[in-house]
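Note sheet for the following structure.
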Amino acid sequence: MSQTLMNTKLDQFRSKLTPSKVKIDQTLLDQADAYLNGREFPTRRDEFWKYTRLTKISNLEVNVNASIIQSVPEEAIINPNAQKIVFENGVYRKDLSDDIHQVSGIEFKEKGNSNFKFQEDVFYALNYKYSTDAITIDIESKTILKDPIHLIMISTGQGSVSMPRIAINAAKFSESEFIVSTHDVNSQNCLSNVVIEADVHENAKLTINKIQNEKSSNFSVFNERVDQALNSCFTINTLTLNGSWIRNNVRINVKGQNAETHLMGAYVTNENQHLDNHTLIDHLAPNCQSNELYKGVLDGKSTGVFNGKVFVRKDAQKINAFQSNGNVLLSDDATINSKPELEIYADDVKCSHGSTTGQLDEDAVYYLRTRGLSEKSARHLLVAAFIGDVLEKIEDEHVVKYAENALSKRYGWSF
Amino acid sequence: MKTLINIKDLHASINGKEILKGLNLEVKPGEIHAVMGPNGAGKSTLASVLAGREEYEITEGTVDFDGKDLLELSTEDRAREGLFLAFQYPVEIPGVSNVNFLRTALNEIREYNGQEQISAKDFMALVREKSTLVELDSKLASRSVNEGFSGGEKKRNEIFQMAMLQPKLAILDETDSGLDIDALRIVANGVNKLKTPENGAIVITHYQRLLDYIVPDFVHVLYDGKIVKSGSKELALELEEKGYDWIKEELEKAH
Ligand SMILES: Nc1ncnc2c1ncn2[C@@H]1O[C@H](COP(=O)(O)OP(=O)(O)O)[C@@H](O)[C@H]1O
Ligand SMILES: [Mg+2]
Chain W
0 MSQTLMNTKL DQFRSKLTPS KVKIDQTLLD QADAYLNGRE FPTRRDEFWK
50 YTRLTKISNL EVNVNASIIQ SVPEEAIINP NAQKIVFENG VYRKDLSDDI
100 HQVSGIEFKE KGNSNFKFQE DVFYALNYKY STDAITIDIE SKTILKDPIH
150 LIMISTGQGS VSMPRIAINA AKFSESEFIV STHDVNSQNC LSNVVIEADV
200 HENAKLTINK IQNEKSSNFS VFNERVDQAL NSCFTINTLT LNGSWIRNNV
250 RINVKGQNAE THLMGAYVTN ENQHLDNHTL IDHLAPNCQS NELYKGVLDG
300 KSTGVFNGKV FVRKDAQKIN AFQSNGNVLL SDDATINSKP ELEIYADDVK
350 CSHGSTTGQL DEDAVYYLRT RGLSEKSARH LLVAAFIGDV LEKIEDEHVV
400 KYAENALSKR YGWSF
Chain L
0 MKTLINIKDL HASINGKEIL KGLNLEVKPG EIHAVMGPNG AGKSTLASVL
50 AGREEYEITE GTVDFDGKDL LELSTEDRAR EGLFLAFQYP VEIPGVSNVN
100 FLRTALNEIR EYNGQEQISA KDFMALVREK STLVELDSKL ASRSVNEGFS
150 GGEKKRNEIF QMAMLQPKLA ILDETDSGLD IDALRIVANG VNKLKTPENG
200 AIVITHYQRL LDYIVPDFVH VLYDGKIVKS GSKELALELE EKGYDWIKEE
250 LEKAH
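Residue numbers (numbering that gives the first Met the number 0), protein chains in the order written: chain W, 0 to 414; chain L, 0 to 254.
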């Protein structure tokens, strides 16, 4: 703390935070400190933050709020069979969580995790330095989890800052699904800065279904870093159903051969919402396959960003990488900045990427209306179909139903 | 006797270009009218204008549809009043399943007419009945609208939708073109089976062939935006034999 200089906006912001009490590697902490000291929040001159301003975050009035909720809100229940791990304002609420120790094949550790490699990034560094809680979940080798583990993250109160860190260790030949969802209860101007680090070991299969559904004026930064080993299969589905300001950073390092990676995203924004999806798949090993599909519908004055990077390193031959981002703008004031980026250093690869932005097909609207559908129903049906393309690929039916219901409720769409 | 649709002196243009130039046509309940004419005559324009496509500007004329001023109604309300258009080029709508949108359509039509919603069970029974009628594979019925359908399947799907919605007036825009003889028979069979003394059809076609299967009460020749000749079904045969140049020459002589 002695080093805090108070002369940058970031320093000022940090002075409002409470340094982490959870156990962390000292080296990591030192690296985080060294990275943060004297640094400024990235600005729009920084390529990585070109379309997303951080001013509002740096100006947040931070409060430390005590636990408020007495029970898990009903809207946070997504899959009734899931093992719930509940966080309120980034702090693990054991009293509201299921007793995950009971589940065979899972090792659950509270209060600390380690083995992370430092990431040169403001939000990772902040999370290391000021983490509100940290847990580790090991899926033991050959364990096939029948039901998902659900990390429920709830923001409550004014100006709460949540910085939970989750380590997932999917051991060899294990199969598991995680649901990660964000919700809010009577909250405003809160910040969540979540770090999820996952190791998917040889022949392991891990799926993360992420559902973002905060209604109020909260800020949310999600940082997922995943390492994939030989023959592993990793899937991350990011469904943004609501939320006023969101930045998702997904980074996947495919280190082992014959690995499979799936990234899907569906987002629906309206009013003044801002959503920024940054993804990076780094193919470091040969004979792998990655598949990325993000689709969004933007209405009102909402703004969206999609930046999908795919690196294929020199030795990563025979890579099959597919990436696609499709957007529908429902209003003249909505905008999307979509940028697929392929950087290929190997010569024997099959890669494709594409990005489309457009309006709804007016011929289709007319066609449906000639069958008696109102213009509104026709548009709803087409929009739902557009997003449904992503939803239908998600295996967990409960997740799909939840998303469909949330969208029906918010927009009146029918699937 | 009451009329189903009465089109009087209809003028319509698109992008400032007049396509329909004073068209008259009257269809009574129980009648099938064939409209024939060369390419570019305005047949599809007539169909689009009646269905309510907004790009067209109606500059003159009236259309009475079963007592209502058709031109005042929105596209969907025309459908709800019982007008149906089988498109010459049906659109593909990825992700929207046929049956899903038809259920919504049927229920919105029912709501408009003050009727109760159809139950899921009755709806599925209707789907089965009508897809059998047009020999549409039930798998196609539940797939995305026209996506990946062959030309013939698209046309059959149009007739299937018509069967589901049971319109007062069906307009078939070259439903026969691109169909082999089997598909043609199936489509015609569907139309014939759906015929009642109360409803009617305008069958737009380029070829006489279809009229061997759907026997019209009247045949009209649409040429340069107007009905220039009307007659019985024999007129279609005459056209087939003499071609449209014959009409052209006749018209020129008359001037
Ligand atoms: N969008 C448009 N803009 C200008 N002219 C059009 C447009 N659509 C059709 N037309 C013209 O209208 C005329 C009639 O077309 P159409 O009704 O499709 O004829 P048909 O169905 O009898 O072959 C044609 O000359 C065609 O070129
Ligand atoms: Mg035509």
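We put the CB at the ideal spot given by N, CA and C, even for glycine.
Minimum Cα-Cα distance from Thr237 of chain W among the listed residues W:Ser215, W:Val267, W:Ser216 corresponds to W:Val267.
Between the alpha carbons of Ala78 of chain L and Met163 of chain L lies a distance of about 12 angstroms. For Asn241 of chain W, the enclosing beta strand (DSSP E) starts and ends at 232–241. Between Ala258 of chain W and Asn241 of chain W, the beta carbon gap of about 33 angstroms keeps them out of contact (Cβ cut-off 8 angstroms). Screening all residues for a C-beta within a distance smaller than 6 angstroms of any heavy atom in ligand 1 leaves L:Ile13, L:Asn14, L:Lys16, L:Ile18, L:Gly36, L:Asn38, L:Gly39, L:Ala40, L:Gly41, L:Lys42, L:Ser43, L:Thr44, in chain order.
Distance from the CA atom of Leu283 of chain W to the CA atom of Ile167 of chain W, rounded to whole angstroms, is 21 angstroms.
By the Cβ rule, the stretch 175–194 of chain L counts as touching the stretch 132–148 of chain L, because three or more pairs are nearer than 8 angstroms. Counting only residues of its own chain and dropping the five nearest sequence neighbours on each side, Asn112 of chain W has a CB closer than 6 angstroms to the CB of Ala133, Thr135, Ala166.
Counting only runs that start and end inside the stretch 298–386 of chain W, the alpha helix (DSSP H) elements of at least 4 residues fall at 361–368.
Counting C-beta atoms within 10 angstroms of its own C-beta, Pro79 of chain W has fewer than 16 neighbours from the protein chains shown and is therefore classed as exposed. Within chain L, Glu75, Phe100, Thr103, Ala104, Glu107 have C-beta atoms less than 9 angstroms from the C-beta of Ser376 of chain W, given in sequence order. Judged by DSSP in its simplified three-state form, Ala65 of chain W adopts coil rather than helix or strand. Contact check for Glu91 of chain L against Glu146 of chain L passes: the beta carbons are separated by less than 7 angstroms. For the stretch 62–130 of chain W, the continuous beta strand (DSSP E) assignments of 3+ residues that do not extend past its boundaries occur at 82–87, 105–108, in sequence order. Distances between the C-beta of Gln207 of chain L and the heavy atoms of ligand 2 are all 6 angstroms or more. For the options W:Ile343, W:Val398, W:Phe47, W:Asp314, the alpha carbon positioned closest to that of Val121 of chain W is the one of W:Phe47. Taken from the Cβ of Gln322 of chain W, every heavy atom of ligand 2 lies 6 angstroms or farther away. Among the CB atoms of chain W, one or more fall inside 7 angstroms of the CB of Arg79 of chain L.
Around the C-beta of Lys42 of chain L, 16 or more other C-beta atoms lie within 10 Å, and the residue is accordingly described as buried.
Relative to ligand 2, even the nearest heavy atom lies 6 angstroms or more away from the CB of Gln316 of chain W.
Put simply, the CB of Leu49 of chain L is far from chain W, with every gap to its CB atoms at 7 angstroms or more. Residue pairing by DSSP places Gln272 of chain W in no beta bridge whatsoever.
For Ile203 of chain L, the closest alpha carbon among the candidates L:Gly150, L:Ile226, L:Arg127 is that of L:Ile226. Asp388 of chain W carries a helical assignment under DSSP once its states are collapsed to helix, strand and coil.
In the three-state scheme derived from DSSP, where H, G and I count as helix and E and B as strand, Gly81 of chain L is classed as coil. Put simply, the CB of Ser373 of chain W is near chain L, with a gap under 7 angstroms to one of its CB atoms. The stretch 302–312 of chain W and the stretch 74–92 of chain W do not touch, with fewer than 3 CB-CB distances between them shorter than 8 angstroms. Counting along the chain, Glu396 of chain W sits inside the alpha helix (DSSP H) bounded by residues 396–410.
Taking a Cβ-Cβ cut-off of 7 angstroms, the neighbours of Val95 of chain L in chain W comprise Leu380, Leu381, Ala384, given in sequence order.
Pairing Ser216 of chain W with Ser191 of chain W gives a Cβ-Cβ distance that is not under 7 angstroms. Sixteen is the threshold: since fewer than 16 other Cβ atoms of the shown chains lie within 10 Å of the Cβ of Arg43 of chain W, the residue is exposed.
With the criterion set as a beta carbon lying under 8 angstroms from some beta carbon of chain L, the stretch 264–294 of chain W has no members that meet it.
In the structure shown, Leu59 of chain W adopts coil according to DSSP, grouped into three states. Interface residue (Cβ-Cβ distance to chain W less than 7 angstroms): Leu168 of chain L is not classified as such.
By the Cβ-count criterion, Ser130 of chain W is buried, with 16 or more other Cβ atoms from all chains shown falling within 10 Å of its own Cβ. Around the beta carbon of Ile318 of chain W, 16 or more other beta carbons lie within 10 angstroms, which makes this residue buried.
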